[in-house]
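For reference, the structure discussed in these notes is given below.
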Amino acid sequence: MTTSPTPSSDHTTATGVPRAGGPGRLAGRTVSRVGYGAMQLERLNGDRASAVAVLRRAVELGVDHVDTAQFYGDGFVNGVIREAFRPEDGVLVVTKVGATSDPGGRFPLRLAQRPEELRAEVEANLAALRLEQLPVVNLRRAETGPGLRAEGEQLVDIDDQLAVLTALRDEGKIDKLGVSNVGPDELRRALPVGPVCVQNSYSLVSRGDEEMLRICLDENIAWVPYFPLGSAFPGMPKATDEPAVLAAAESLGAAPSQIGLAWLLHHAPNVLLIPGTADAAHLEANVAAGALALDDATLAALDAVPTRSGEPTFE
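In case it helps, my numbering puts the sequence shown at residues 31 to 345.
Structure follows, in structure tokens:
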């Protein structure tokens, strides 16, 4: 695995393959606009060879931007990434901190928002990936949005969190920083540290962060949405249920999920996608979405889909 750029044209990866979804920019590098979110690889915990094969297929398809975290599969995913990627692949690996593994808990992870916990997670990512420096680290906040919510000692001011992460950057253990699950005020407070990306929940049916997307566009910050098709949580809206999405899919001979991903790429030039899957065929479909052309009439119909809000339900 490498985190250093390998010579390539803007339109091809280091291995000479056309970049999935075309070229985008992240952390001062050109990367594929369709990347890969590695969280779903934890489903292959009992089949390491298949997990490695999915990542190798991603490289073959022109993906050179991968999102991970040490708490994915309690370190399994980072171990697979370390094994799968070769120096000549030129893959940019982005990781995140703000949680840690908790295999025996109600959920397989727990929040780790305190400065000393953020430092420990950076060290854990470095060790698992066998790197001296992490190319990009996202601070995953937890005061709002889907997923676990911070309370008690896990309610930590973003300035205190950014302070420890910039110290780690000064120590050479992190190259670039990003933020995740933040609101406009937090984003503005983070701007002085030079975030290279923002990861928020955002999709065709959940566009409440439009203002922040535009801030990122103005500041040359990559917008990297998670839940790009709507939330996986029960009770939340999904792009693939929308009549306009279904109509576009039928017209173009595409899957509804491909329409939802293609809309994101058309919506703003700083959007990078990290859809996740543990299935090679699904991976191929996600990459193919990056080549879908949406005409003006289709885009207008999709843009007219109302944004919706909702609270996830947990059993």
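Every residue, glycine too, gets a C-beta built ideally from N, C-alpha and C.
Endpoints, the alpha helix (DSSP H) within which residue i is located
{"i": "N168", "result": "Looking at the DSSP string, N168 is not in any alpha helix (DSSP H); the run it does join, the beta strand (DSSP E), is 164-170."}
{"i": "Q191", "result": "188-200"}
{"i": "T328", "result": "326-333"}
{"i": "D248", "result": "240-248"}
{"i": "P214", "result": "214-220"}
{"i": "L276", "result": "273-282"}
{"i": "H297", "result": "286-297"}
Any C-beta of chain C under 8 Å from that of residue i
{"i": "A319", "result": "Here chain C cannot be found, since the structure has a single protein chain."}
Proximity of residue i and residue j at Cβ, strictly below 8 Å
{"i": "K203", "j": "V166", "result": "no"}
{"i": "L159", "j": "V123", "result": "yes"}
{"i": "A269", "j": "L234", "result": "yes"}
{"i": "A292", "j": "L324", "result": "yes"}
{"i": "E151", "j": "T130", "result": "yes"}
{"i": "A50", "j": "G320", "result": "yes"}
{"i": "T174", "j": "R237", "result": "no"}
{"i": "Q100", "j": "N168", "result": "no"}
{"i": "D72", "j": "V107", "result": "The amino acid occupying residue 72 in the given sequence is Glu; Asp does not appear at that position. It is a contact, given that the beta carbons lie within the stated cut-off."}
{"i": "S210", "j": "R170", "result": "yes"}
{"i": "G54", "j": "A252", "result": "yes"}
{"i": "G290", "j": "P258", "result": "yes"}
{"i": "Q288", "j": "A315", "result": "yes"}
{"i": "V82", "j": "A57", "result": "no"}
{"i": "P255", "j": "L313", "result": "no"}
Assumed close pair residue i, residue j - CB separation to whole angstroms, cut-off 8 Å
{"i": "A172", "j": "Q184", "result": "7 Å"}
{"i": "G52", "j": "R63", "result": "5 Å"}
{"i": "P48", "j": "G92", "result": "5 Å"}
{"i": "R149", "j": "V194", "result": "6 Å"}
{"i": "R144", "j": "V186", "result": "6 Å"}
{"i": "T125", "j": "L164", "result": "6 Å"}
Host beta strand (DSSP E) of residue i (start-end)
{"i": "V123", "result": "122-127"}
{"i": "L156", "result": "First-last for L156: 145-159, but that is the alpha helix (DSSP H), not the beta strand (DSSP E)."}
{"i": "Q229", "result": "227-229"}
{"i": "H95", "result": "95-97"}
{"i": "L207", "result": "204-210"}
{"i": "P53", "result": "53-56"}
{"i": "V61", "result": "59-62"}
{"i": "L74", "result": "Element bounds for L74: n/a, residue is neither H nor E."}
{"i": "L91", "result": "Taken as a continuous stretch (DSSP letters only), L91 belongs to no beta strand (DSSP E), as it is neither H nor E."}
{"i": "S139", "result": "Reading off the sequence, residue 139 comes out as Leu, not Ser. From DSSP, the beta strand (DSSP E) with L139 extends over 139-141."}
Environment of residue i [buried if 16+ CB atoms lie within 10 Å]
{"i": "I188", "result": "buried"}
{"i": "D239", "result": "buried"}
{"i": "F137", "result": "exposed"}
{"i": "D119", "result": "buried"}
{"i": "P214", "result": "exposed"}
{"i": "G134", "result": "exposed"}
{"i": "A157", "result": "exposed"}
{"i": "A311", "result": "exposed"}
{"i": "L276", "result": "exposed"}
{"i": "P342", "result": "Bear in mind that a pLDDT of 46 at P342, under 50, signals an unreliable position, so the number given afterwards is only what the model happens to contain. Classification for P342: exposed."}
{"i": "G76", "result": "exposed"}
{"i": "A88", "result": "buried"}
{"i": "L221", "result": "exposed"}
{"i": "D40", "result": "exposed"}
{"i": "R244", "result": "exposed"}
{"i": "E345", "result": "Model confidence at E345 stands at a pLDDT of 35, short of 50, so the residue's coordinates are unreliable; what they give is reported in the following sentence. Burial call: exposed."}
{"i": "R179", "result": "exposed"}
{"i": "P267", "result": "buried"}
{"i": "E216", "result": "buried"}
{"i": "A44", "result": "buried"}
{"i": "H297", "result": "buried"}
{"i": "D271", "result": "exposed"}
{"i": "T328", "result": "buried"}
{"i": "A142", "result": "buried"}
{"i": "T33", "result": "Confidence at T33 is low in this model, with a pLDDT of 42, below 50, so its placement is unreliable and no value can be given for it."}
{"i": "G46", "result": "exposed"}
{"i": "G103", "result": "buried"}
{"i": "G260", "result": "buried"}
{"i": "G265", "result": "exposed"}
{"i": "G128", "result": "buried"}
Contact between the region 57-77 and the region 92-106: three or more CB pairs below 8 Å? Taking 8 Å as the limit for Cβ pairs, the verdict is that the region 92-106 does touch the region 57-77.
Would the region 276-293 count as touching the region 218-229 if we require 3 or more Cβ pairs under 8 Å? The answer is no - the region 218-229 does not touch the region 276-293, with fewer than three Cβ pairs under 8 Å.
Taking contact to mean 3 or more Cβ pairs, one atom from each stretch, closer than 8 Å, check whether the region 327-340 and the region 299-309 are in contact. In short, these stretches do not touch, since the Cβ pair count stays below three.
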